[in-house]
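Asks: Going by the numbering used here, the letters in the sequence shown line up with residues 1 to 366, in that order.
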Amino acid sequence: MVSIAALLQKAEEKYLDGSYDEAIEYYDRVLDIDPMNTAAWCGRGMACFCFSRYEDALECYSRAIEADPECVPAWECRAEVLFILGRCDEAISSYQEAIDRDPAYALAWIERCIDSRPDDAESWRQKGLALLSMGRYEEAIEAYRMALDIDPSQARDWCILGESLQTIGRHSEALECFERALELSPSDSACWIRMGESMHSTGRYDEALECYEEALRLDPGSVQAWHGKGITYRAMGIPSKAIDAIDSALTLDPEHAQSWYAKGITFRAMGLYEDALECFDRVLRIDPGNASALKSRAWSLYNLGRYAEALSACEGAISVNPLDEDAWYNMGIVLKALGRYTESDMAFIKAREIRVVKLSKNRMRG
Numbered sequence: 001m002v003s004i005a006a007l008l009q010k011a012e013e014k015y016l017d018g019s020y021d022e023a024i025e026y027y028d029r030v031l032d033i034d035p036m037n038t039a040a041w042c043g044r045g046m047a048c049f050c051f052s053r054y055e056d057a058l059e060c061y062s063r064a065i066e067a068d069p070e071c072v073p074a075w076e077c078r079a080e081v082l083f084i085l086g087r088c089d090e091a092i093s094s095y096q097e098a099i100d101r102d103p104a105y106a107l108a109w110i111e112r113c114i115d116s117r118p119d120d121a122e123s124w125r126q127k128g129l130a131l132l133s134m135g136r137y138e139e140a141i142e143a144y145r146m147a148l149d150i151d152p153s154q155a156r157d158w159c160i161l162g163e164s165l166q167t168i169g170r171h172s173e174a175l176e177c178f179e180r181a182l183e184l185s186p187s188d189s190a191c192w193i194r195m196g197e198s199m200h201s202t203g204r205y206d207e208a209l210e211c212y213e214e215a216l217r218l219d220p221g222s223v224q225a226w227h228g229k230g231i232t233y234r235a236m237g238i239p240s241k242a243i244d245a246i247d248s249a250l251t252l253d254p255e256h257a258q259s260w261y262a263k264g265i266t267f268r269a270m271g272l273y274e275d276a277l278e279c280f281d282r283v284l285r286i287d288p289g290n291a292s293a294l295k296s297r298a299w300s301l302y303n304l305g306r307y308a309e310a311l312s313a314c315e316g317a318i319s320v321n322p323l324d325e326d327a328w329y330n331m332g333i334v335l336k337a338l339g340r341y342t343e344s345d346m347a348f349i350k351a352r353e354i355r356v357v358k359l360s361k362n363r364m365r366g
């Protein structure tokens, strides 16, 4: 009896020779023996694709995914066929499945699509998604710009481009993108929130509040919009309104760690350290490794004169991120308050060392 491996090899040889019908026959022989053979389903799909039998190819790739949901080539090929069949939403979902499993592989495939179809906005869009999932924001931004040059009518693309620019701190450019997105889709509450965040980051607090209000008009149950209002009121120096807005967020989602943290630092700024401490403790129950909450907890304990507990919180923050300059500096202050001057000096030295390394890296990037 001929082995499956031998049959697959023969099928591949026929495929490479352009004998697609014979390749299909060999793949069928494999599938008669092993109906869940992913390689055979993928190979059969490719051969059907070459005959322009797109529905058959789609069935093959879907069967390959049933056999092995982690098969990235099957998700990729399925997406390609769906685009040809005009089923774009399904194609995008299929591409996203591939990207989630292996962004680098997905990117290589998309690059091939772009080489053959450089004016296809969807290929550039998928390239952008793959690059975003890899944290390559600058390249993702360029890919989305290419997609939008080809097809500027997609509100979602404008919003994703804005979010990408926002992530790397380019808020003025992000705002332009959010404005374009909202011209096309004014009822997108998530985009109003994103615009509010960039307004906040550029110090345009009144306009940020307007964005959050519009988001809440569209979606009164938006935790993120209430949270955004809260931190904006805090930045404006109106702590009572900040607390009210944050409490609205927490009423909707009592486990929203961001809002507990925002409430805590608002109380801390008001000198209400006990109240702040309760909030930071809530954050840490939800997210025990939250370094910001550990540092803020340490500072609140320090201001309450509870130095030993403050030191423990500093140590916790450093264990989460040993290169956290602020955590080392705070530890130096706490150790000094405890009269442990030599250790305090060492902590300050460590904080300075971390700062010097950061500055050196920034100069090298520049």
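Backbone N, C-alpha and C define an ideal beta-carbon position, used for all residues, glycine too.
Please classify Ile243 as buried or exposed, where buried requires at least 16 other C-beta atoms within 10 Å of its C-beta.
Replies: Start at 1 with the first residue of the sequence shown, and residue 243 comes out as number 243. Classification of Ile243: buried, given that the 10 Å Cβ count is 16 or more.
Asks: Where in the stretch 181-209 do unbroken runs of the alpha helix (DSSP H), each at least 4 residues long, occur, reported from the N-terminal end onward?
Replies: 189-201
Asks: Please name the residue in Gln258, Ser62, Gly237 whose C-alpha comes closest to that of His227.
Replies: The sequence position of residue 227 within the sequence shown is 227, counting from 1. Nearest option by C-alpha distance: Gln258.
Asks: Rounded to the nearest angstrom, how far is the Cβ of Tyr54 from that of Leu16, given a contact under 8 angstroms?
Replies: As a working mapping, residue 54 is identified with position 54 in the sequence shown. As a working mapping, residue 16 is identified with position 16 in the sequence shown. Under the criterion of beta carbons closer than 8 angstroms, Tyr54 and Leu16 do not qualify as touching, at roughly 21 angstroms.
Asks: Here's the rule I'm using: 16 or more other beta-carbon atoms within 10 Å means buried, otherwise exposed. How should Asp188 be labelled?
Replies: Position 188 of the sequence shown, counted from the first residue, corresponds to residue 188. Taking a 10 Å sphere around the C-beta of Asp188, we find 16 or more other C-beta atoms and assign the residue as buried.
Asks: So, for Arg101: in the same chain, excluding its five sequence neighbours on each side, which residues have a beta-carbon less than 8 angstroms away from its beta-carbon?
Replies: Walking along the sequence shown from the start, residue 101 turns up at place 101. Closer than 8 angstroms at the Cβ level, and outside the excluded window around Arg101, lie Glu70, Val72, Trp75.
Asks: Distance, Cα to Cα, Glu255 vs Ser3?
Replies: Against the sequence shown, residue 255 aligns to sequence position 255. Against the sequence shown, residue 3 aligns to sequence position 3. Whole-angstrom Cα-Cα distance: 56 angstroms.
Asks: Express the C-alpha separation of Asn321 and Ala293 in angstroms, rounding to a whole number.
Replies: The residue you call residue 293 lines up with position 293 of the sequence shown. The residue you call residue 321 lines up with position 321 of the sequence shown. Ala293 and Asn321: Cα-Cα distance of roughly 13 angstroms.
Asks: Which whole-angstrom value describes the C-beta separation of Ala262 and Ile231, a residue pair presumed to lie in contact below a C-beta threshold of 8 angstroms?
Replies: As a working note, residue 262 is residue 262 in the sequence shown. As a working note, residue 231 is residue 231 in the sequence shown. The C-beta distance from Ala262 to Ile231 rounds to 5 angstroms, short enough to fall under 8 angstroms.
Asks: On the CB-based measure, 16 or more other CB atoms within 10 Å of its CB, does Met36 come out buried or exposed?
Replies: Translated into the one-based positions of the sequence shown, residue 36 becomes position 36. Classification of Met36: exposed, given that the 10 Å Cβ count is below 16.
Asks: From Ala351 to Ala298, what distance separates their C-alpha atoms?
Replies: Here residue 351 corresponds to residue number 351 of the sequence shown, with the count starting at 1. Here residue 298 corresponds to residue number 298 of the sequence shown, with the count starting at 1. Looking at the two C-alpha atoms, the distance is approximately 16 angstroms.
Asks: Comparing alpha-carbon positions, which option in Asp206, Arg194, Val334, Ser52 lies nearest Ser312?
Replies: As a working note, residue 312 is residue 312 in the sequence shown. The residue with the shortest Cα to Cα distance from Ser312 is Val334.
Asks: What does the alpha-carbon distance come out to for the pair Leu359 and His171?
Replies: In the sequence shown, residue 359 corresponds to position 359, counting from 1. In the sequence shown, residue 171 corresponds to position 171, counting from 1. C-alpha separation (whole angstroms): 23 angstroms.
Asks: Roughly how many angstroms separate the alpha carbons of Thr369 and Ser116, rounded to a whole number?
Replies: Look at the range of the chain in this structure, 1 to 366, and you will see that residue 369 is not part of it.
Asks: Take Phe49 and list the residues in its own chain whose beta-carbon comes closer than 7 angstroms to its own, dropping the five residues that flank it on each side.
Replies: Your numbering for residue 49 matches position 49 in the sequence shown. Counting only Cβ-Cβ distances below 7 angstroms, and skipping sequence neighbours, we find Ala57, Val81.
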